[in-house]
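So the sequence shown is residues 0 to 570, counted in numbering that gives the first Met the number 0. Right, one structure below, let's go through it.
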Amino acid sequence: MGARMPFTLSLARQTGTEPQSPAALFDRVSQARRQAPALHLVPAAAERYGQPPALWRYGELDEVITGLARRYGAAGIVAGHRVGLLLDNRPDLFAHFLALNRLGASIVPIGPDEEVEGVAYRLAMSRVPLVVAAEAHRERLRAALSRMAEQPRVFFLTAEASMDPERFTPPSIATPPNFSPAAGEAEREAAILFTSGTTGRPKGCVLTNAYFAALGRWYVRQGGLMALGREERLITPLPAHHMNTLACAFMGMLAAGGCLVPLDRFHPSSWWQAVAEAEATIVHYLGVMPAILLDLPPGSGEEAAKTVRFGFGAGVAPRHHAAFEERFGFSLIEAWAMTETGAGACIAASREPRHVGTRCFGRPEPGLGVRIVDEAGRPVGPGEAGELLVRRLDGDPRAGFFAGYLDDDAETERAWAGGWFHTGDVVRQDEHGFLYFVERRKNIVRRSGENIAAAEVEEALLQSAGVAAVAVIPLEDDLRGEEVAALVVPSRDVSNPAAVAESLVRETARRLSYYKLPGWISFVDSLPTTATQKIDRGAVRRLGRELAEAGAFVDLRSLKAKLRPDRRKTG
Numbered sequence: 000m001g002a003r004m005p006f007t008l009s010l011a012r013q014t015g016t017e018p019q020s021p022a023a024l025f026d027r028v029s030q031a032r033r034q035a036p037a038l039h040l041v042p043a044a045a046e047r048y049g050q051p052p053a054l055w056r057y058g059e060l061d062e063v064i065t066g067l068a069r070r071y072g073a074a075g076i077v078a079g080h081r082v083g084l085l086l087d088n089r090p091d092l093f094a095h096f097l098a099l100n101r102l103g104a105s106i107v108p109i110g111p112d113e114e115v116e117g118v119a120y121r122l123a124m125s126r127v128p129l130v131v132a133a134e135a136h137r138e139r140l141r142a143a144l145s146r147m148a149e150q151p152r153v154f155f156l157t158a159e160a161s162m163d164p165e166r167f168t169p170p171s172i173a174t175p176p177n178f179s180p181a182a183g184e185a186e187r188e189a190a191i192l193f194t195s196g197t198t199g200r201p202k203g204c205v206l207t208n209a210y211f212a213a214l215g216r217w218y219v220r221q222g223g224l225m226a227l228g229r230e231e232r233l234i235t236p237l238p239a240h241h242m243n244t245l246a247c248a249f250m251g252m253l254a255a256g257g258c259l260v261p262l263d264r265f266h267p268s269s270w271w272q273a274v275a276e277a278e279a280t281i282v283h284y285l286g287v288m289p290a291i292l293l294d295l296p297p298g299s300g301e302e303a304a305k306t307v308r309f310g311f312g313a314g315v316a317p318r319h320h321a322a323f324e325e326r327f328g329f330s331l332i333e334a335w336a337m338t339e340t341g342a343g344a345c346i347a348a349s350r351e352p353r354h355v356g357t358r359c360f361g362r363p364e365p366g367l368g369v370r371i372v373d374e375a376g377r378p379v380g381p382g383e384a385g386e387l388l389v390r391r392l393d394g395d396p397r398a399g400f401f402a403g404y405l406d407d408d409a410e411t412e413r414a415w416a417g418g419w420f421h422t423g424d425v426v427r428q429d430e431h432g433f434l435y436f437v438e439r440r441k442n443i444v445r446r447s448g449e450n451i452a453a454a455e456v457e458e459a460l461l462q463s464a465g466v467a468a469v470a471v472i473p474l475e476d477d478l479r480g481e482e483v484a485a486l487v488v489p490s491r492d493v494s495n496p497a498a499v500a501e502s503l504v505r506e507t508a509r510r511l512s513y514y515k516l517p518g519w520i521s522f523v524d525s526l527p528t529t530a531t532q533k534i535d536r537g538a539v540r541r542l543g544r545e546l547a548e549a550g551a552f553v554d555l556r557s558l559k560a561k562l563r564p565d566r567r568k569t570g
């Protein structure tokens with residue numbers, strides 16, 4: 000690539016004010032850059048949605064958003080309402096988000112792989128009066144609604160009606176708003192994203208306009224290896240119901256006046272084709288992607304990668320980090336954040352030295368407070384592992400963070416015990432201030448970018464008559480980062496472990512999304528417990544590693560793949 004123009008477009012500086020919401024930021028950028036690309040549905044992704052490829056420039060997207068907002072308003076949606084969105088990673092999701100944000104309404108995006116019970120739980124928890132869903136989700140959504148006492152109205156979006164306000168005719172609603180809009184635009188609720196909890200039930204993170212705006216500012220101000228130019232094109236296969244895509248990638252491109260290229264998901268066989276079609280300059284990655292792409296034959300992707308300046312993500316395996324950068328010619332910038340922390344505590348190794356291959360994710364920026372403590376809450380020394388606690392030191396300690404857990408003030412305050420946000424992640428910090436990821440303290444399995452609560456999987460497995468007790472742990476997986484593994488105490492003798500394990504997974508598939516199912520099961524006589532008869536999680540993890548080394552797990556990963564529903568080819 001030729002020399003790049005440094006990023007100088009700062010619309011906020013031109014007027015002396017910072018946009019306070021996603022819609023306000025978009026409106027300002029769209030007025031200044033009407034002809035610049037904003038959203039791109041490349042052929043590789045369009046084919047999976049049954050739609051033609053398309054590119055929307057800021058001016059064109061503005062017209063779509065204006066039309067959608069008008070239709071929502073005519074249906075009775077006002078400031079304070081919430082709307083459920085089951086729109087996958089389609090461009091429609093981002094347009095509907097901005098249209099509703101203009102009205103002061105909030106969105107509740109739900110993932111395409113969420114099973115019926117999970118959909119019903121999220122819709123009921125957030126009390127949405129209206130759901131807009133892709134036609135492909137009709138059967139699943141209707142099944143979810145049948146489990147709800149109070150059912151929202153529904154509009155199904157066909158492929159033909161995609162990004163067409165004239166074909167968007169949502170039913171009228173007469174229910175009052177879900178929440179009282181905050182007096183200031185910045186503190187108004189913009190979205191609820193559900194994140195895995197340790198209690199077995201996902202928690203709704205309430206995210207404000209200020210949260211989204213702060214992430215946009217964070218992205219464009221990183222500099223270093225992440226310095227942005229005027230014509231950035233960011234491609235991401237990460238799910239749009241997660242903060243990385245909806246808040247970080249999307250808001251970063253809006254703040255930069257760049258173009259977002261969302262894919263339906265990561266497909267190794269068509270990844271580099273999509274990168275080439277997008278002429279991508281930035282890629283967002285999952286930790287599992289480098290391993291998979293390195294396994295492709297030589298000549299796969301090296302040419303397409305020439306337009307890419309950097310990748311942004313987390314979790315690349317140390318042994319793959321340098322090898323990937325050498326083969327494909329761009330840096331993989333490791334970062335750390337949570338849905339709860341937002342830009343308030345987002346850390347990235349965007350400057351050298353990055354300590355490639357060590358799980359280093361950079362140093363805290365000025366104004367970000369970091370503590371690393373042991374289980375008793377005492378600070379640990381340099382190089383010692385402990386739980387990461389974070390807060391702002393330059394004013395409001397919660398600035399840039401989420402507003403709290405939906406309808407759960409007690410859980411919110413527990414997370415902020417002592418005035419610091421307890422992340423549940425174990426890290427270490429060297430004498431120069433660099434942070435290194437070690438493991439998760441919470442009972443979470445991080446599989447292909449999805450956070451899976453061990454308690455949720457355990458609860459589903461315990462509903463089987465053949466399970467007396469169970470503990471779920473993560474096991475390392477070269478392709479997925481981590482895989483769900485279950486140590487099962489059977490309620491009766493197991494003469495054929497493989498057959499019993501397969502039967503158990505098939506039964507549990509009726510209660511869990513496919514990706515949450517165990518990929519490994521080992522039958523054990525008992526589980527380690529503490530003095531209070533609680534499962535000793537540390538001992539269980541050690542036992543799991545020993546069983547894995549001994550080959551005592553039944554491998555169910557191919558069965559999981561067969562149980563994965565294909566919902567993306569229609570609608």
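Backbone N, C-alpha and C fix where the C-beta goes; we use that ideal spot for every residue, glycine too.
Using CA atoms only, rank isn't needed, just tell me which of 497, 294, 260, 545 is closest to residue 279. Locating residue 279 in the sequence shown gives position 280, where the first residue counts as 1. If we check each option's Cα against that of residue 279, 260 comes out closest.
Same chain only: Cβ atoms within 8 angstroms of residue 414, ignoring 5 sequence neighbours per side: The count along the sequence shown starts at 1 and reaches residue 414 at position 415. If we look at residue 414 and ignore the five residues flanking it on each side, its Cβ neighbours are 339, 404, 420, 421.
Count the other CB atoms within 10 Å of the CB of residue 373; is the residue buried (16 or more) or exposed (fewer)? Taking the first residue of the sequence shown as position 1, residue 373 is located at position 374. Classification for residue 373: exposed.
If you draw a straight line from the alpha carbon of residue 249 to that of residue 215, how long is it in whole angstroms? One-based indexing of the sequence shown puts residue 249 at position 250. One-based indexing of the sequence shown puts residue 215 at position 216. Residue 249 and residue 215: Cα-Cα distance of roughly 8 angstroms.
Using a Cβ-Cβ cut-off of 7 angstroms (strictly less than) and excluding sequence neighbours within five positions of residue 474, which residues of its own chain qualify? Here residue 474 corresponds to residue number 475 of the sequence shown, with the count starting at 1. Around residue 474: 481, 482, 484, 519, 543, 547.
Distance between residue 454 and residue 198 (C-alpha atoms, nearest Å): On the sequence shown, residue 198 is found 199 positions in, with the first residue counted as 1. On the sequence shown, residue 454 is found 455 positions in, with the first residue counted as 1. Caution applies to residue 198, whose pLDDT of 48 falls short of 50 and renders its modelled position unreliable; the model cannot decide the point.
Along the chain, where does the beta strand (DSSP E) containing residue 168 start, and where does it finish? Reading the sequence shown from its first residue, position 169 is the one you call residue 168. Careful: residue 168 lies outside any beta strand (DSSP E) and carries neither H nor E.
With 16 as the cutoff for other CB atoms within 10 Å, does residue 318 come out buried or exposed? Residue 318 sits at position 319 when you count from the first residue of the sequence shown. So residue 318 counts as exposed.
Quickly, what does DSSP pair residue 404 with across the bridge? List them, please. As a working mapping, residue 404 is identified with position 405 in the sequence shown. Paired residues: 204.
Here's the rule I'm using: 16 or more other beta-carbon atoms within 10 Å means buried, otherwise exposed. How should residue 202 be labelled? Along the sequence shown, read from residue 1 onward, the residue named residue 202 stands at position 203. Buried, since its Cβ has 16 or more Cβ neighbours within 10 Å.
Beta strand (DSSP E) segment containing residue 235, residue limits: Translated into the one-based positions of the sequence shown, residue 235 becomes position 236. Run containing residue 235: 232-235, per the beta strand (DSSP E) assignment.
Have a look at 66, 297, 244, 433 and flag the residue whose alpha-carbon is nearest the alpha-carbon of residue 312. Taking the first residue of the sequence shown as 1, we reach residue 312 at position 313. Nearest to residue 312 by alpha-carbon distance, out of 66, 297, 244, 433, is 244.
For the beta strand (DSSP E) containing residue 428, name the first residue and the last one. Sequence index remark: in the sequence shown, residue 428 carries index 429 (1-based). It spans 420-428 - the beta strand (DSSP E) in which residue 428 sits, taken as one unbroken run.
With distances taken from CA atoms, which of 48, 460, 242, 150 is nearest residue 400? By 1-based counting over the sequence shown, the position of residue 400 is 401. Comparing Cα positions, the closest option is 242.
Provide the residue span of the beta strand (DSSP E) that contains residue 535, from first to last. Within the sequence shown, residue 535 is the residue found at index 536, counting from 1. That residue, residue 535, is in no beta strand (DSSP E); it is neither H nor E in DSSP.
Please list the terminal residues of the continuous alpha helix (DSSP H) segment that includes residue 72. If you number the sequence shown from 1, residue 72 lands on position 73. Note, residue 72: alpha helix (DSSP H), 57-73.
List the DSSP bridge partners of residue 435. Residue mapping note: residue 435 aligns to position 436 of the sequence shown, counting from 1. Beta-bridge pairing links residue 435 to 359, 427.
Rounded to the nearest angstrom, what separates residue 105 and residue 177 at their Cα positions? Position 106 of the sequence shown, counting from 1, holds the residue named residue 105. Position 178 of the sequence shown, counting from 1, holds the residue named residue 177. Roughly 9 angstroms separates the two Cα atoms.
Could you tell me if residue 365 is buried or exposed, where buried requires 16 or more neighbouring beta carbons within 10 angstroms of its beta carbon? By 1-based counting over the sequence shown, the position of residue 365 is 366. Counting Cβ neighbours within 10 Å, residue 365 comes out exposed, since fewer than 16 surround it.
So which of 256, 236, 326, 328 has the shortest CA-CA distance to residue 286? Reading the sequence shown from its first residue, position 287 is the one you call residue 286. When each option's Cα is compared against that of residue 286, the closest is 236.
Look up residue 76 in the DSSP assignment and say whether it is helix, strand or coil. Position 77 of the sequence shown, counted from the start, is the residue given in the question as residue 76. Three-state DSSP puts residue 76 in coil, outside helix and strand.
Taking contact to mean 3 or more Cβ pairs, one atom from each stretch, closer than 8 angstroms, check whether the region 142-151 and the region 122-133 are in contact. Inter-segment contact for the region 142-151 and the region 122-133 is present: three or more beta-carbon pairs are separated by less than 8 angstroms.
Under the rule that 16 or more other beta-carbon atoms within 10 Å means buried, what is residue 44, buried or exposed? The count along the sequence shown starts at 1 and reaches residue 44 at position 45. With 16 or more other Cβ atoms within 10 Å, it is buried.
Kindly list the residues whose CB is nearer than 7 angstroms to the CB of residue 309, restricted to its own chain and excluding five residues on each side of it in sequence; keep chain order. Residue mapping note: residue 309 aligns to position 310 of the sequence shown, counting from 1. Once the five neighbours on either side are set aside, the close Cβ partners of residue 309 are 224, 225, 281, 329, 330, 332.
For the ligand SAM, any of its heavy atoms closer than 7 angstroms to the Cβ of residue 498? Questions concerning the ligand SAM fall outside what the structure shown contains, since it holds no ligand whatsoever.
DSSP-derived helix/strand/coil call for residue 125: The residue given as residue 125 occupies position 126 in the sequence shown. Looking at residue 125 - three-state DSSP - the assignment turns out to be helix.
Per-residue DSSP class, three states only, for residue 340: Taking the first residue of the sequence shown as 1, we reach residue 340 at position 341. Correct three-state label for residue 340: coil.
I'd like to check one pair, residue 41 with residue 273: are the Cβ atoms closer than 8 angstroms? For the purposes of this step, residue 273 is taken as the residue at position 274 of the sequence shown. For the purposes of this step, residue 41 is taken as the residue at position 42 of the sequence shown. Result yes, Cβ atoms of residue 273 and residue 41 sit closer than 8 angstroms.
Compare the C-alpha of residue 449 against each of 112, 71, 52 and name the closest. In the sequence shown, counting from the first residue as 1, residue 449 sits at position 450. It is 112.
Which residues does DSSP pair with residue 113 in a beta bridge? On the sequence shown, residue 113 is found 114 positions in, with the first residue counted as 1. Beta-bridge pairing by DSSP links residue 113 to no other residue.
Whole-angstrom distance between residue 233 and residue 160, CA atom to CA atom: Numbered from 1 along the sequence shown, position 161 holds the residue referred to as residue 160. Numbered from 1 along the sequence shown, position 234 holds the residue referred to as residue 233. Cα to Cα, residue 160 sits roughly 25 angstroms from residue 233.
Below 6 angstroms CB to CB, which residues in the same chain sit around residue 58 once its five sequence neighbours on both sides are set aside? As a working note, residue 58 is residue 59 in the sequence shown. Closer than 6 angstroms at the Cβ level, and outside the excluded window around residue 58, lie 33.
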